[in-house]
DNA sequence: AAGTAAACATAGTGCTTTACTAAGGTATTA
DNA sequence: TAATACCTTAGTAAAGCACTATGTTTACTT
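Protein chains in written order, with our numbering: chain A, 609 to 742; chain B, 609 to 742.
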């Protein structure tokens with residue numbers, strides 16, 4: 609089954625929660641976990657990865673927490689998913705000696721990555737209409 | 609790593625080989641395997657799945673083989689991949705209580721499936737230009 | 001200074017999927 | 001009836017997934 613794993617889906621949910629935090633206030637893991645229903649320990653790992661990819665910043669100690677590392681219009685869903693799951697849709701390189709198929713798969717990858725290049729701040733909009741408007 | 613597995617890639621390669629068979633002549637597994645470098649036994653399973661999904665037809669016994677079940681402009685790459693790997697990019701249902709995110713992921717799925725809705729007969733073309741032309 | 005609460009790090013675990021191989025069964029033809 | 005092709009099922013090593021568990025470090029509070 610080809611799919612984004614829950615890790616990527618959790619990651620987007622967490623980033624979405626941070627984006628919706630009033631006044632960009634710090635959010636603690638337990639707050640995000642409560643909101644999103646993600647296991648605390650697992651969410652810790654996910655936020656750790658997002659931090660490594662410079663998508664969030666953290667403050668340690670009591671009253672610590674997380675916030676977005678930059679403005680939401682500079683963060684793509686693609687960034688989040690690829691930070692957690694690696695590059696989206698890598699075509700296997702050893703498979704198929706056909707140049708035609710190679711370039712076909714490369715193109716599919718590019719198209720797919722384009723689909724996921726949605727800004728975090730635009731996530732609430734209806735993409736159906738957004739995509740087709742002129 | 610989010611990716612189509614080799615099974616899907618093999619399937620497309622096999623279907624592409626059948627499409628390019630002169631005069632839509634029957635091709636045997638060993639021919640396809642030799643062309644595509646796919647293991648004979650594995651390819652057998654893949655073609656068996658493609659047959660169950662009515663994408664190919666087979667003839668048994670000596671001089672048997674496979675051919676496309678219908679014209680190549682009525683077969684989508686999406687059909688092939690989903691026959692072998694299940695529905696493309698299913699959003700997990702239990703994850704996230706957010707209606708916003710639910711509809712977002714549903715939309716991503718629809719967009720992605722659209723990207724893969726390429727006709728087998730169009731596989732050789734350049735999709736980059738194809739996609740953006742008016 | 002001590003206690004507490006948060007982020008951070010790493011190891012382990014049960015489960016599922018992947019990419020096959022192996023071994024035989026069944027249909028058709030020569 | 002022998003050969004050859006498709007067809008089916010079982011098994012398996014390796015990897016990935018979705019966590020849990022356990023502890024460490026940092027910083028604020030008392």
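The beta carbon of each residue, even a glycine, is placed where N, CA and C say it ideally should be. On a predicted model such as this, the values are computed, not experimentally measured, just so you know.
If you draw a 10 Å sphere on the C-beta of residue 636(A), you find fewer than 16 other C-beta atoms in it, and that means exposed. Its Cα nearest to that of residue 682(B), the residue 731(B) stands out among 719(B), 717(B) and 731(B). Within a 10 Å sphere around the beta-carbon of residue 694(A) sit fewer than 16 other beta-carbons, which makes this residue exposed. Secondary-structure assignment with DSSP links residue 660(A) through no beta bridge to anything. The bridge partners DSSP lists for residue 674(B) are 635(B) and 666(B). The C-beta of residue 709(B) comes closer than 8 Å to at least one C-beta of chain A.
The Cβ atoms of residue 624(A) and residue 638(A) lie no closer than 8 Å to each other. Against chain A, a Cβ distance below 9 Å from residue 731(B) picks out 708, 709 and 712.
In its chain, beyond the 5 residues on either side, 686, 689, 690, 717, 720, 721 and 724 have a beta carbon closer than 8 Å to the beta carbon of residue 696(A). Taking all protein chains shown into account, residue 667(A) has fewer than 16 neighbouring C-beta atoms within 10 Å of its C-beta and is therefore exposed.
Residue 662(B) and residue 707(A) have their C-alpha atoms some 27 Å from each other. C-alpha of residue 678(A) to C-alpha of residue 617(A): approximately 20 Å in a straight line.
Residue burial annotation: residue 632(B) is exposed, with fewer than 16 other C-beta atoms found within 10 angstroms of its C-beta. Among the residues facing chain B, residue 624(A) is included, as its CB has a counterpart in that chain under 8 Å away. Interface criterion not met: the Cβ of residue 652(A) is under 8 Å from no Cβ in chain B.
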